[in-house]
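What follows is a set of notes on a single structure, which appears directly below.
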Amino acid sequence: MNESAIATPGVYINEISVLPPSIAQVSTAIPAFIGYTEKAVDEQGIPLVGIVPVKIFNLKEYEQRFGKAENEKNITVDVTLTTTPSVSVTAVAKLAAAPNAHNMYYALRLYFDNGGGPCYIVSVKPSSTVGISDTDLDNGIKALEAYDEPTLFVIPEGQAIATPATFYALMQKAVNQCAKLQDRFTLVDVVDNTAVDTTTNINNFRTTVGLNKDLNYAAAYYPNLKTNYEYQYLENQVKVKLVKNGGPATNTFLNALLPNESIAYYAARDAIKRTLNPVLPPTPAIAGVIAGTDANRGVWKAPANVPLVSVLDVMDFVTDDEQASMNIDPGTGKSVNAIRPFNGKGIVVWGARTLDGNSSEWRFIPVRRFFIMVEESAKKATAQFVFEPNDANTWTKVRAMIENYLTLLWRQGALAGAKPEHAFFVKCGLGQTMTAQDILDGKLIVEIGMAAVRPAEFIILRFMHKLQES
0 MNESAIATPG
10 VYINEISVLP
20 PSIAQVSTAI
30 PAFIGYTEKA
40 VDEQGIPLVG
50 IVPVKIFNLK
60 EYEQRFGKAE
70 NEKNITVDVT
80 LTTTPSVSVT
90 AVAKLAAAPN
100 AHNMYYALRL
110 YFDNGGGPCY
120 IVSVKPSSTV
130 GISDTDLDNG
140 IKALEAYDEP
150 TLFVIPEGQA
160 IATPATFYAL
170 MQKAVNQCAK
180 LQDRFTLVDV
190 VDNTAVDTTT
200 NINNFRTTVG
210 LNKDLNYAAA
220 YYPNLKTNYE
230 YQYLENQVKV
240 KLVKNGGPAT
250 NTFLNALLPN
260 ESIAYYAARD
270 AIKRTLNPVL
280 PPTPAIAGVI
290 AGTDANRGVW
300 KAPANVPLVS
310 VLDVMDFVTD
320 DEQASMNIDP
330 GTGKSVNAIR
340 PFNGKGIVVW
350 GARTLDGNSS
360 EWRFIPVRRF
370 FIMVEESAKK
380 ATAQFVFEPN
390 DANTWTKVRA
400 MIENYLTLLW
410 RQGALAGAKP
420 EHAFFVKCGL
430 GQTMTAQDIL
440 DGKLIVEIGM
450 AAVRPAEFII
460 LRFMHKLQES
């Protein structure tokens, strides 16, 4: 109420706000999937011009705007059918060549199945394009620099780039953007070459020139995953070799088996569904796990010890000894997180380290991502104080606003310490963070210290043999 406007004698109430401004927490798990899609249209169905990051909320919306997977053209099925004296049939399905490298649609399915929510799609070219180009994918990375909301980079088709060195160099460009903007994080797939063993794949990853700086803004995962999805295909492109009652083989197509050879037809379809399943890189599933963990527990909870959904098997079995060498490498420091099957638990994410494995401060994913969240939230909230007087009143407001925010995080379990003063500190003011010259230069400097909780990777049980007492 404007006191100068009071004209009639009486009692009036003025409500004065004593609460400091609040900090709105930024979103923490908004992945950006960069790759090739069947199509790319806007909400009206008009084709997008150029590389335009588009936010979607579910798989149905992805299908409407970006289509589905390319039809797999290399499926063959051998069917052996006996009708006398009793009916028996066997069918063996296989891929005559490597599957189509464009896996964005399957990757999005895996992401949403594992807890994913809103995300960005960056369509660099139509998936009818032959081959995967690091230049195309790099253009997709560059397009995201102007967008503030994405917080994770995922490139599911990256392993199909001509050489691992080129792929890892591309991932370094994504990491460079993360380090520059300080508000996002990169998920890296370790190239899973099934022709060599686990140790060789990990060593190749560590020694290949490419990823070598700002490693705390990235995390690597191994191995690839066999999903329970079915390849998309056209029945008139599936080659079938049918041997009936020991006679000569008949070469035909799947659609031609109906209606006369329905037993062979359904046996062939079942074999394709049962044995031919897309193999995907792990990062789409990890992005979903991160999104689900952030929503259910918080960004400070390690996205690990979580069973994966829609995954039948891992393409490489990692032993305890192999994982020990994956966790720590004194030379390069490139820690790799394993995905492993466990009896009674399923296929589980069994690691939460950044690539900066030799760093005490930034070794763990939840610590790095928690600081990203707080830094970005505080930066956006303090922007309102630009051009405010650089005096004690403003310093007090800024300090109180950030302290209130960190106190709430401490109460949620995000910060270690029995008391708030043990968990964090906020400094702002002349003689604390600023000199007189800083004030003359228009600088308002805030220092924030936080004791982030760290994952308990190792649980050590001690047992003692207690002797019987008489």
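Numbering that gives the first Met the number 0 numbers the first residue of the sequence shown as 0 and each following residue consecutively.
Even glycine gets a Cβ: it sits at the ideal position worked out from N, Cα and C.
Query raised in the report: Which whole-angstrom value is the C-beta distance of ILE22 and ALA303, which I expect to be below 8 Å?
Result: The residue given as residue 22 occupies position 23 in the sequence shown. The residue given as residue 303 occupies position 304 in the sequence shown. 28 Å between Cβ atoms; not a contact.
Query raised in the report: Under a Cβ-count criterion, where at least 16 other Cβ atoms within 10 Å of its own Cβ denotes burial, should ARG461 be classed as buried or exposed?
Result: Walking along the sequence shown from the start, residue 461 turns up at place 462. Burial call: exposed.
Query raised in the report: Counting pairs of Cβ atoms below 8 Å between the stretch 212 to 232 and the stretch 330 to 344, do you hit three or more?
Result: yes
Query raised in the report: What residues in its chain sit with their C-beta under 6 Å from that of VAL174, if we drop five residues either side in the sequence?
Result: If you number the sequence shown from 1, residue 174 lands on position 175. These residues qualify, in order along the chain: THR185, ASP213, TYR216 and ALA217.
Query raised in the report: If you follow the alpha helix (DSSP H) that ARG268 is part of, which residue opens it and which one closes it?
Result: In the sequence shown, counting from the first residue as 1, residue 268 sits at position 269. 261 to 274 is the span of the alpha helix (DSSP H), which, as asked, contains ARG268.
Query - Collapsed DSSP secondary structure at ALA417 in the structure displayed - result: The residue you call residue 417 lines up with position 418 of the sequence shown. Three-state result, ALA417: coil.
Requested in this report: Assuming LEU405 and PHE423 form a contact by the criterion Cβ under 8 Å, report the distance between their Cβ atoms to the nearest whole angstrom.
Outcome: Translated into the one-based positions of the sequence shown, residue 405 becomes position 406. Translated into the one-based positions of the sequence shown, residue 423 becomes position 424. Rounded, the Cβ-Cβ distance is 5 Å, consistent with contact.
**Report entry** Close-in-space but distant-in-sequence residues of the same chain around ARG362 (CB under 7 Å, 5 per side omitted)
**Finding:** Residue numbering aside, residue 362 sits at position 363 when the sequence shown is read from its first letter. Excluding positions up to five away in sequence, the list reads ARG352, THR353, ASP355 and GLY356.
**Report entry** Closest residue to LEU107 among SER122, LEU94 and PRO419 (Cα-Cα distance)
**Finding:** Numbered from 1 along the sequence shown, position 108 holds the residue referred to as residue 107. Out of SER122, LEU94 and PRO419, SER122 has the C-alpha closest to the C-alpha of LEU107.
Query raised in the report: Closest to TYR230 by CA distance: which of ALA142, ARG398, ASN276 and ASN200 is it?
Result: Position 231 of the sequence shown, counted from the first residue, corresponds to residue 230. The option with the nearest alpha carbon to TYR230 is ASN276.
**Report entry** Buried or exposed (CB count within 10 angstroms, at least 16 for buried), PHE152
**Finding:** On the sequence shown, position 153 is the one that residue 152 refers to. Counting Cβ neighbours within 10 Å, PHE152 comes out buried, since at least 16 surround it.
Report task. Compute the Euclidean distance between the alpha carbons of THR381 and VAL51, then round it to the nearest angstrom. Result -> Here residue 381 is taken as the residue at index 382 of the sequence shown, counted from 1. Here residue 51 is taken as the residue at index 52 of the sequence shown, counted from 1. Cα to Cα, THR381 sits roughly 30 Å from VAL51.
Report task. Take the Cβ of LEU143 as the centre, count every other Cβ of all protein chains shown within 10 Å, and call the residue buried at 16 or more, exposed below. Result -> For the purposes of this step, residue 143 is identified with residue 144 of the sequence shown, where counting begins at 1. Under this definition LEU143 is a buried residue.
Query - Length of the line joining the Cα atoms of GLN383 and GLU71 - result: As a first step, residue 383 is located in the sequence shown; it is residue number 384 there, counting from the start. As a first step, residue 71 is located in the sequence shown; it is residue number 72 there, counting from the start. Near 54 Å, if we compare the C-alpha coordinates of GLU71 and GLN383.
Query raised in the report: Any idea if HIS101 is buried or exposed, counting beta-carbon neighbours within 10 angstroms, 16 or more meaning buried?
Result: Taking the sequence shown and counting its residues from 1, the one referred to as residue 101 is at position 102. By the 10 Å Cβ count, HIS101 comes out buried.
Query raised in the report: Whole beta strand (DSSP E) runs in the stretch 412 to 460 with 3 or more residues, listed along the chain?
Result: 423 to 427 and 445 to 449
Report task. Would you list, in sequence order, the uninterrupted alpha helix (DSSP H) runs of no fewer than 4 residues that lie entirely inside the stretch 335 to 414? Result -> 364 to 381 and 391 to 410
Report task. Measure the beta-carbon distance from LEU233 to MET314 and round it to whole angstroms, keeping in mind my assumption that it falls under 8 Å. Result -> Sequence index remark: in the sequence shown, residue 233 carries index 234 (1-based). Sequence index remark: in the sequence shown, residue 314 carries index 315 (1-based). Not quite, the Cβ-Cβ distance comes to about 27 Å (not below 8 Å), so this is no contact.
Query - ASP293 versus TYR221 - alpha carbon distance - result: As a first step, residue 293 must be located in the sequence shown, where it is residue number 294. As a first step, residue 221 must be located in the sequence shown, where it is residue number 222. Straight-line Cα distance between these residues: approximately 22 Å.
Query - Nonlocal neighbours in the same chain, by C-beta distance under 8 Å from THR198, ignoring five residues either side - result: Here the question's residue 198 lines up with position 199 in the sequence shown. Correct list, in chain order: GLU321 and SER324.
Query raised in the report: Alpha carbon to alpha carbon, how far is LEU253 from TYR61?
Result: Here the question's residue 253 lines up with position 254 in the sequence shown. Here the question's residue 61 lines up with position 62 in the sequence shown. Each residue's Cα considered, the two are about 29 Å apart.
Query raised in the report: Thinking just about the alpha-carbon of each residue, which of GLU468, LEU80 and GLY49 is nearest to the one in ALA248?
Result: Here the question's residue 248 lines up with position 249 in the sequence shown. The residue from GLU468, LEU80 and GLY49 with its alpha-carbon nearest to that of ALA248 is LEU80.
Query - 7 Å CB neighbourhood of GLY66 in its chain, flanking five on each side removed - result: Indexing the sequence shown from 1 puts residue 66 at position 67. Result list for GLY66: THR36, GLU37 and LYS38, in chain order.
**Report entry** Buried/exposed call for ALA97, threshold 16 Cβ in 10 Å
**Finding:** As a working mapping, residue 97 is identified with position 98 in the sequence shown. With fewer than 16 Cβ atoms within 10 Å of its Cβ, ALA97 is classed as exposed.
Query raised in the report: To the nearest angstrom, how far is it from the Cα of LEU439 to the Cα of ALA413?
Result: Numbered from its first residue, the sequence shown carries residue 439 at position 440. Numbered from its first residue, the sequence shown carries residue 413 at position 414. Going from the Cα of LEU439 to the Cα of ALA413 covers about 37 Å.
Query raised in the report: For ASN389 versus LYS442, is the C-beta distance shorter than 9 Å?
Result: As a first step, residue 389 must be located in the sequence shown, where it is residue number 390. As a first step, residue 442 must be located in the sequence shown, where it is residue number 443. Cβ distance < 9 Å, so ASN389 and LYS442 count as in contact.
Query raised in the report: Going by the beta-carbon positions, is the gap between ALA290 and VAL91 smaller than 9 Å?
Result: In the sequence shown, the residue the question calls residue 290 occupies position 291. In the sequence shown, the residue the question calls residue 91 occupies position 92. The answer is no: Cβ separation not under 9 Å.
Query raised in the report: Leaving out the 5 sequence neighbours to the left and right, which residues in its chain are closer than 8 Å to ARG398 when beta-carbon positions are compared?
Result: By 1-based counting over the sequence shown, the position of residue 398 is 399. The answer, listed in chain order, is VAL425, LYS426, CYS427, GLY428 and VAL445.
Query raised in the report: Hey, quick one: how far does the beta strand (DSSP E) through ALA286 stretch, first residue to last?
Result: Looking up residue 286 in the sequence shown gives position 287. Per DSSP, ALA286 belongs to no beta strand (DSSP E); it is in the alpha helix (DSSP H), 282 to 295.
Query raised in the report: Does the stretch 132 to 143 come within contact of the stretch 108 to 118, defined as at least 3 CB pairs closer than 8 Å?
Result: no
**Report entry** Under the three-state DSSP convention, the category LYS238 falls into
**Finding:** Working through the sequence shown from its first residue, we reach residue 238 at position 239. If DSSP states are grouped into helix, strand and coil, LYS238 belongs with the strands.
**Report entry** TYR105 beta carbon less than 9 Å from that of ALA68
**Finding:** Numbered from 1 along the sequence shown, position 69 holds the residue referred to as residue 68. Numbered from 1 along the sequence shown, position 106 holds the residue referred to as residue 105. In this structure, TYR105 lies closer than 9 Å to ALA68 by Cβ.
Query raised in the report: Closest to GLY345 by CA distance: which of ILE371, VAL335, GLU360 and LEU307 is it?
Result: Within the sequence shown, the letter at position 346 stands for residue 345. When each option's Cα is compared against that of GLY345, the closest is LEU307.
Report task. State yes or no: is the C-beta of GLU234 nearer than 8 Å to some heavy atom of the ligand PLP? Result -> The model on display carries no ligand, and the ligand PLP is accordingly not part of it.
Query - Inside the stretch 97 to 124 only - alpha helix (DSSP H) runs reaching at least 4 residues - result: 103 to 112
Query raised in the report: In the structure shown, what three-state DSSP assignment does LEU307 receive?
Result: As a first step, residue 307 must be located in the sequence shown, where it is residue number 308. Residue state, collapsed to three classes: coil.
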